[in-house]
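Take a look at the structure set out below.
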Amino acid sequence: MTSSNKKELFTSIFSTIIGHNNIKNILLDFYLRDSIPSSIIFYGNEGIGKFKTADTFSKLISRKEEKENDELSLFQIEDSLNKYDISTQTYEDIKIIEPNANGIITSDNIKDIKNITNFSSSYSKYKIIIINKAENLNIQAANSILKILEEPSNNTLFILVCNDINKLYETIKSRCIKIRFNNLSFNDYKAILKENNIEADYDLFSKTSGSISKTIDILENKILESVDSFLDIIKRGDNNIGSLTKISEKFKDHKKKTNYILFLDILTNELLKKNNNRKIIELIEKLNYKNTDISDNIKSIRYKCL
255 MTSSNKKELF
265 TSIFSTIIGH
275 NNIKNILLDF
285 YLRDSIPSSI
295 IFYGNEGIGK
305 FKTADTFSKL
315 ISRKEEKEND
325 ELSLFQIEDS
335 LNKYDISTQT
345 YEDIKIIEPN
355 ANGIITSDNI
365 KDIKNITNFS
375 SSYSKYKIII
385 INKAENLNIQ
395 AANSILKILE
405 EPSNNTLFIL
415 VCNDINKLYE
425 TIKSRCIKIR
435 FNNLSFNDYK
445 AILKENNIEA
455 DYDLFSKTSG
465 SISKTIDILE
475 NKILESVDSF
485 LDIIKRGDNN
495 IGSLTKISEK
505 FKDHKKKTNY
515 ILFLDILTNE
525 LLKKNNNRKI
535 IELIEKLNYK
545 NTDISDNIKS
555 IRYKCL
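Mapping to our numbering: the sequence shown position 274 is 528, numbers consecutive.
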């Protein structure tokens with residue numbers, strides 16, 4: 255495929271990614287020069303498109319390569335893409351690693367990686383391993399990954415998607431190209447939500463720092479309504495602890511832990527707006543860290559808010 259065709263193909267595939275033009279330019283340069291690093295870290299705030307970009311780039315470079323001199327029209331390229339059906343969860347040349355039910359990536363999660371990297375691809379030029387939320391690697395899993403990164407296999411690409419790069423082991427970071435994703439602009443945030451039939455709200459954009467996943471979680475789980483109800487009860491001086499407990503119990507289930515943390519984050523900011531009390535931050539951080547039911551400390555919160 256010619257350089258012109260490759261650029262058209264890249265542009266066509268990446269048209270699904272809104273924003274992050276600087277990242278697209280970096281990846282396009284890798285692709286056009288056929289110089290893909292063996293390991294890359296995509297890092298930045300949660301829910302701004304890092305995983306989708308990793309997934310899209312993986313699909314691009316895992317396509318079956320046409321001959322170098324083949325000149326394809328854009329129509330042929332798009333027709334080829336329409337016929338190119340890949341399930342990234344099962345396709346043998348792309349492996350996606352996710353945290354387990356406890357939010358940790360263990361050696362059990364990555365035990366097949368070595369076997370994958372030892373064999374050449376049966377279909378495309380590259381084998382790709384995407385590790386999502388890589389900051390959740392435990393020490394055993396991190397050491398296993400490190401050993402592979404120290405002796406990279408030919409035509410194998412690791413993409414580590416990371417929300418908090420400071421939690422990623424330094425030894426791993428030192429062996430990867432690091433690419434930082436900036437927060438979405440409000441216009442890009444609005445355009446992505448529009449694709450999901452959601453009307454953008456600047457206040458919500460501000461509360462989530464433009465995170466699409468957090469925005470959807472907040473709306474689907476009515477977290478803002480829970481925060482408002484919580485604050486209203488405190489403001490009224492209602493002595494019914496059960497009312498506050500009922501609000502917090504929505505988030506006690508382990509599967510809703512992320513929503514519980516979102517609830518605490520927004521609650522903290524709203525309390526600070528009203529009281530500007532550093533003790534409130536300390537209390538909420540303690541609740542967040544211990545992952546305890548907020549009702550256990552409800553009297554302390556009310557006292558600090560009065």
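Using N, Cα and C, we set each Cβ at its ideal position, and we do this for glycine too.
First and last residue of the uninterrupted alpha helix (DSSP H) at residue i
| i | result |
| --- | --- |
| Lys401 | 393-404 |
| Arg490 | 477-490 |
| Ser293 | Element bounds for Ser293: not the alpha helix (DSSP H) but the beta strand (DSSP E), 293-297. |
| Ile446 | 440-449 |
| Ser258 | 257-267 |
| Tyr423 | From DSSP, Tyr423 is part of no alpha helix (DSSP H); its letter is neither H nor E. |
Straight-line Cα distance separating residue j from residue i
| i | j | result |
| --- | --- | --- |
| Asn336 | Asp362 | Residue placement at Asn336 is flagged as unreliable, the pLDDT there being 48, under the threshold of 50; a coordinate-derived value is accordingly withheld. |
| Ile385 | Ile413 | 6 Å |
| Glu262 | Lys527 | 49 Å |
| Ile267 | Gly303 | 15 Å |
| Ile488 | Tyr443 | 33 Å |
| Leu473 | Ala388 | 26 Å |
| Ala308 | Arg490 | 48 Å |
| Thr256 | Phe296 | 28 Å |
| Ile431 | Ile419 | 12 Å |
| Asn356 | Lys448 | 33 Å |
First through last residue of the beta strand (DSSP E) which encompasses residue i
| i | result |
| --- | --- |
| Thr410 | 410-416 |
Coil, strand or helix - residue i by DSSP
| i | result |
| --- | --- |
| Ile367 | helix |
| Lys381 | strand |
| Ile272 | coil |
| Lys349 | strand |
| Lys432 | strand |
| Asn386 | strand |
| Ile501 | helix |
| Ile277 | helix |
Buried versus exposed, by CB contacts within 10 Å (16 or more), residue i
| i | result |
| --- | --- |
| Arg317 | buried |
| Glu453 | exposed |
| Lys461 | buried |
| Tyr285 | buried |
| Tyr514 | buried |
Rounded Cβ spacing between residue i and residue j (contact assumed at less than 8 Å)
| i | j | result |
| --- | --- | --- |
| Glu424 | Val481 | Actually they do not touch by this definition, with Cβ atoms about 37 Å apart. |
| Phe517 | Ile470 | The pair is not a contact, with the Cβ atoms about 15 Å apart (cut-off 8 Å). |
| Arg434 | Gly298 | 6 Å |
| Asn271 | Thr310 | Reading off the sequence shown, one finds Ile at residue 271, where the question assumed Asn. That belief holds up - the Cβ atoms of Ile271 and Thr310 are roughly 6 Å apart, short of 8 Å. |
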